[in-house]
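Contents: one structure, followed by commentary.
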Amino acid sequence: MPSMPFPLPDPGAVAQELALLARTGDHPLFTTVGDRCGREPASRSLWHRFIAQPGSQMAALATWLQAELDRHPGFARDMASLWHQLQLKQGQLSSPAYPTPTLPSGTRSRDRDNGSAIPLLHALPAGIRNLWTVGVGPEITDSLVSFVTQEHREQELPARGRILAEHMANYLRLSGQPDTGDDQTPRYHDRLLLDLLEDHLALDTEPPRVRGTRDGTPSPDPEPAPAAKQPLKDTLTRHAELECPDRVWLGTPLVPIKVRLLAPDPDDPAARLAMELQPDLPIHIWLTAPGFDVLGSQLYTLWLEPDAPQQEITFELQPRTAGAAHLMVQFLQEGTPLGSIMARIEIEEQVTTTVKNRFVRADHLAVGDKSESPDLTLFVHYDMMQAQPRLLFNLYRDGQLSESWPPAILHADTRSYHAEIYQRLSDLTDVFDIQRDSPDTMEAVDRQLRSLGQSLWNDLIPEGLQQLYALERAEWHGRSLLVVTDEPHIPWELMWPYGYQGESWEDEQPWCMSMRMTRWLHQDSEGAGLHGPPSQLEIERFAFAGPSDLSLAAIETEGRQLRTLMQTAGIADAGLDLGSLARIQALLESGDYDWLHLASHGEFSAERPDTGSAILLEGGEALAPDALIGPQVQGHIFRQRPSFVLNACHAGRQGWALTQLGGWVNRLVGSGAGLFVGPLWTVTDSSAQLFAVQFYERLLAGDTVAEALHAARRQIRELGDPTWLAYSAYAHPNARLTRTAGPGSDHSQAPFMDETDRSLPNGGNLGA
Numbered sequence: 001m002p003s004m005p006f007p008l009p010d011p012g013a014v015a016q017e018l019a020l021l022a023r024t025g026d027h028p029l030f031t032t033v034g035d036r037c038g039r040e041p042a043s044r045s046l047w048h049r050f051i052a053q054p055g056s057q058m059a060a061l062a063t064w065l066q067a068e069l070d071r072h073p074g075f076a077r078d079m080a081s082l083w084h085q086l087q088l089k090q091g092q093l094s095s096p097a098y099p100t101p102t103l104p105s106g107t108r109s110r111d112r113d114n115g116s117a118i119p120l121l122h123a124l125p126a127g128i129r130n131l132w133t134v135g136v137g138p139e140i141t142d143s144l145v146s147f148v149t150q151e152h153r154e155q156e157l158p159a160r161g162r163i164l165a166e167h168m169a170n171y172l173r174l175s176g177q178p179d180t181g182d183d184q185t186p187r188y189h190d191r192l193l194l195d196l197l198e199d200h201l202a203l204d205t206e207p208p209r210v211r212g213t214r215d216g217t218p219s220p221d222p223e224p225a226p227a228a229k230q231p232l233k234d235t236l237t238r239h240a241e242l243e244c245p246d247r248v249w250l251g252t253p254l255v256p257i258k259v260r261l262l263a264p265d266p267d268d269p270a271a272r273l274a275m276e277l278q279p280d281l282p283i284h285i286w287l288t289a290p291g292f293d294v295l296g297s298q299l300y301t302l303w304l305e306p307d308a309p310q311q312e313i314t315f316e317l318q319p320r321t322a323g324a325a326h327l328m329v330q331f332l333q334e335g336t337p338l339g340s341i342m343a344r345i346e347i348e349e350q351v352t353t354t355v356k357n358r359f360v361r362a363d364h365l366a367v368g369d370k371s372e373s374p375d376l377t378l379f380v381h382y383d384m385m386q387a388q389p390r391l392l393f394n395l396y397r398d399g400q401l402s403e404s405w406p407p408a409i410l411h412a413d414t415r416s417y418h419a420e421i422y423q424r425l426s427d428l429t430d431v432f433d434i435q436r437d438s439p440d441t442m443e444a445v446d447r448q449l450r451s452l453g454q455s456l457w458n459d460l461i462p463e464g465l466q467q468l469y470a471l472e473r474a475e476w477h478g479r480s481l482l483v484v485t486d487e488p489h490i491p492w493e494l495m496w497p498y499g500y501q502g503e504s505w506e507d508e509q510p511w512c513m514s515m516r517m518t519r520w521l522h523q524d525s526e527g528a529g530l531h532g533p534p535s536q537l538e539i540e541r542f543a544f545a546g547p548s549d550l551s552l553a554a555i556e557t558e559g560r561q562l563r564t565l566m567q568t569a570g571i572a573d574a575g576l577d578l579g580s581l582a583r584i585q586a587l588l589e590s591g592d593y594d595w596l597h598l599a600s601h602g603e604f605s606a607e608r609p610d611t612g613s614a615i616l617l618e619g620g621e622a623l624a625p626d627a628l629i630g631p632q633v634q635g636h637i638f639r640q641r642p643s644f645v646l647n648a649c650h651a652g653r654q655g656w657a658l659t660q661l662g663g664w665v666n667r668l669v670g671s672g673a674g675l676f677v678g679p680l681w682t683v684t685d686s687s688a689q690l691f692a693v694q695f696y697e698r699l700l701a702g703d704t705v706a707e708a709l710h711a712a713r714r715q716i717r718e719l720g721d722p723t724w725l726a727y728s729a730y731a732h733p734n735a736r737l738t739r740t741a742g743p744g745s746d747h748s749q750a751p752f753m754d755e756t757d758r759s760l761p762n763g764g765n766l767g768a
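Per the UniProt record's numbering, numbering of the sequence shown is gapless, rising by one per residue and ending at 768.
Here it is as structure tokens:
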């Protein structure tokens, strides 16, 4: 048995305590033992008997516990920690004294062997438990104690230290104690713990600054954007698997949902599709379960064990509403979504006897993040199980799911509601195109855009999120924001915050300008797996497609300018004479491209988004999303993850098609595309051309996708054209262009052209 910071509990005493906890089942000790019992049929039966009649089954459970403690050191370590926590919480133990740091002032352990920190790391729980004396919530303390009592390997200390620092920042935020940097704080445990983190754990970073205080005082200065992280050379290959029943009775007291990370099996053909994960960063596994109550945590943190054939966690649910429930399990690493699994469970009002367990595999999640993570990731889930559909909001930041709010109830059909908004936006574009020289027109357009954006903010954003944003908006401005959603109609880019309770305020710009914003998609309702957004976008063969027989004067100019840009950057032209449907289909089937830019007219059909939404080509032919299917087309998109820019009206819009989202975005991103950019409503010919050129110039100069979008929007906005708001981008906000010089070579994130190289032929005029 390995050494442990706490003694092993007596199995008989644990069984007695579990009998008391069985009334509520809401303590980690109870759920941990229940999860362990559920792994084998015999012990699972014992657990069910124990829950039904605790008194008569305590001896049997104690015997089973003793055997498990002897056989499994990891389980024994967890039980020792949980039992110690429970005794402390019940007042049966006193907290040991906290060891005061002994290093001389200014000494940093970065200069010493990491191994010297291990004894202090094991002593840290005693100090953390003293946080109860200063009012910290037990959920933070439990999380910290559970974290630091795991077995620590020396190479994990820096990464684990960062997580500890994040926990401390969360504690300070919840307790209302700002991190002022003053060593004379009256809450001496705060400073002692922070000193220990800084001086004994060889941290690579300082503890993050607290975002705000409970009394509403914001932090004095915004945090600077984090520096880009370097790619890690070594990764671990894992499959993700979800096990759940296909149907449950509404009165079922507990439904276990098991999530596993499996080491690759050479005999499993899916092994070549497995995800690659960074081994020294935690995996965050988050469950969304409309129609159920989650009895424990919705978010688990899992550290990868290199030699383990599988690792498993269990979520526990209780059915709440009859109907078809779509469970979604999402995997994140360092704030970046890697992908997700979705499973459908029928919640039935009558007792059901024919229950089958389903095993859902997510084989192709994204490679571990290789750039800086999004500062903020806002998850928006469209819940259709209720009489009135709802939007569920969750905010992920600082390595944890930090905020969630009551759902936003939708009182009208979202399709018709937002169709009216898009029509008004298209009308504004038409008005500007006719009267663009009038200052009154520009002012009126801006005023109406602001009004539409503020209506969206008022109607759709939960009050709690509005309040959080009002408190922290200075810190949010300039940050990268990724909105991950399965709602197809809402123009999130137009969201324009304001407040009127207390002191009135309003932002000068919508989210797409005040932040560096992009989107991504959840899985569709049938569980078709989606990659997470890649942080590197390969560009070796660029294809431009545009019909020559339409009355859009700027298409030819746009194609000439973009080809000149790519030629200057040394990127091959894969799209000669791509104006007809046959030529574009041939290119898509050949896979001889990694970037496709298509400029033309576009139409969107909300009723038939896959077949009725089309981009016009030469000779009156049309390219629709349902043409992007088949093994050659989708196989290339899946393996290569190419990028797509559709510079046509309404290309970025989606609708509901049969059982899943329809339209260009879902077809391409759902197949594996790494980037999709397209307008949500009518755009003017000349402004669309300017937007495209500026977007590519900034990407080729080394900007991230979100930075390049921001620069392109700003250029068009200066003209007063509402086209600047029209574009929607599905991508990692911090993704950059990369090239592969040859087989086996490393990706590079260096700019393709620096600022001095942008004086292109024709005196800097790109062929206009």
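A virtual CB, placed ideally from N, CA and C, is assigned to each residue, including glycine. All of these numbers come straight from a predicted model, not from anything done at the bench.
Report the option in the options whose CA atom is closest to the CA atom of residue i.
| i | options | result |
| --- | --- | --- |
| P410 | F30, P245, I461 | It should be pointed out that residue 410 corresponds to Leu in this sequence rather than to Pro. L410 has its Cα closest to that of I461, out of F30, P245, I461. |
| D573 | P73, Q585, D594 | D594 |
| D685 | E334, L46, E558, Q87 | E558 |
| E697 | I341, M566, N647 | M566 |
| E334 | L376, P306, M342 | L376 |
| A444 | E463, N458, D459, R424 | R424 |
| A62 | A42, Q16, G34 | Q16 |
| L401 | Q388, K258, F379 | F379 |
| D383 | A408, P374, R397 | A408 |
| R390 | W405, D398, P11 | W405 |
| G323 | L332, V248, L254 | V248 |
| K356 | S451, L332, P245 | P245 |
| H284 | D265, G296, L304, L295 | L304 |
| A474 | E508, R447, D446, N458 | E508 |
If you draw a straight line from the C-alpha of residue i to the C-alpha of residue j, how long is it?
| i | j | result |
| --- | --- | --- |
| F695 | A701 | 10 Å |
| G291 | L587 | 44 Å |
| L616 | E40 | 59 Å |
| D142 | H27 | Reliability of the predicted coordinates at D142 is poor, the pLDDT of 49 falling under 50, and no value is obtained from them. |
| G532 | P625 | 21 Å |
| G55 | T32 | 20 Å |
| G478 | T314 | 38 Å |
| E206 | P547 | Note that E206 has pLDDT 36, beneath the 50 cutoff, so the model's placement of it is unreliable and the number below is only indicative. Rounded to the nearest angstrom, the two C-alpha atoms are 55 Å apart. |
| L261 | H48 | 26 Å |
| R717 | A688 | 12 Å |
| A325 | T288 | 10 Å |
| Y469 | Q501 | 13 Å |
| N647 | V677 | 8 Å |
| M517 | G670 | 20 Å |
| Q277 | T235 | Per the sequence shown, residue 277 should be read as Leu rather than Gln. Approximately 5 Å between the Cα atoms of the pair. |
| M58 | F50 | 7 Å |
| P679 | A729 | 9 Å |
| P306 | G251 | 40 Å |
| P256 | M79 | 20 Å |
Contact check, residue i vs residue j under 8 Å by CB: the rounded distance?
| i | j | result |
| --- | --- | --- |
| S535 | H732 | 5 Å |
| G699 | L737 | Correcting the residue type first, residue 699 is Leu in the shown sequence and not Gly. 5 Å between Cβ atoms; contact. |
| D486 | L521 | 7 Å |
| R739 | E540 | 6 Å |
| R29 | C37 | At residue 29 the sequence reads Leu, which differs from the Arg that was named. With a Cβ gap of about 13 Å, L29 and C37 do not count as contacting. |
| G453 | W496 | 3 Å |
| G575 | F544 | 5 Å |
| A582 | I555 | Not quite, the Cβ-Cβ distance comes to about 19 Å (not below 8 Å), so this is no contact. |
| L537 | G672 | No, L537 and G672 are not in contact; Cβ-Cβ is about 13 Å, not under 8 Å. |
| A735 | S480 | So it is not a contact: roughly 10 Å between Cβ atoms. |
Does the ligand ADP have a heavy atom nearer than 7 Å to the CB of residue i?
| i | result |
| --- | --- |
| L587 | With respect to the ligand ADP, the structure offers nothing, as it holds no ligand at all. |
| Between the segment 309-320 and the segment 501-516, do three or more beta carbon pairs fall short of 8 Å? | Verdict: no, contact absent.
ask   = Would you call the segment 681-693 and the segment 701-721 in contact, with 3 or more CB pairs under 8 Å?
value = As far as the Cβ criterion goes, the segment 681-693 touches the segment 701-721, which means the pair count is three or higher.
Within the segment 501-576, ranges of the alpha helix (DSSP H) (whole runs, at least 4 residues)
Those alpha helix (DSSP H) runs which fall completely within the segment 501-576 and span 4+ residues are 511-514, 553-568.
So, does the segment 335-355 touch the segment 297-309, judging by three or more C-beta pairs under 8 Å?
No, because fewer than three Cβ pairs between the segment 335-355 and the segment 297-309 fall closer than 8 Å, the two stretches do not touch.
> Taking the runs of the beta strand (DSSP E) that are 3 residues or longer, which of them lie wholly in the segment 9-36?
Replying inline: Counting only runs that start and end inside the segment 9-36, there is no beta strand (DSSP E) element of at least 3 residues.
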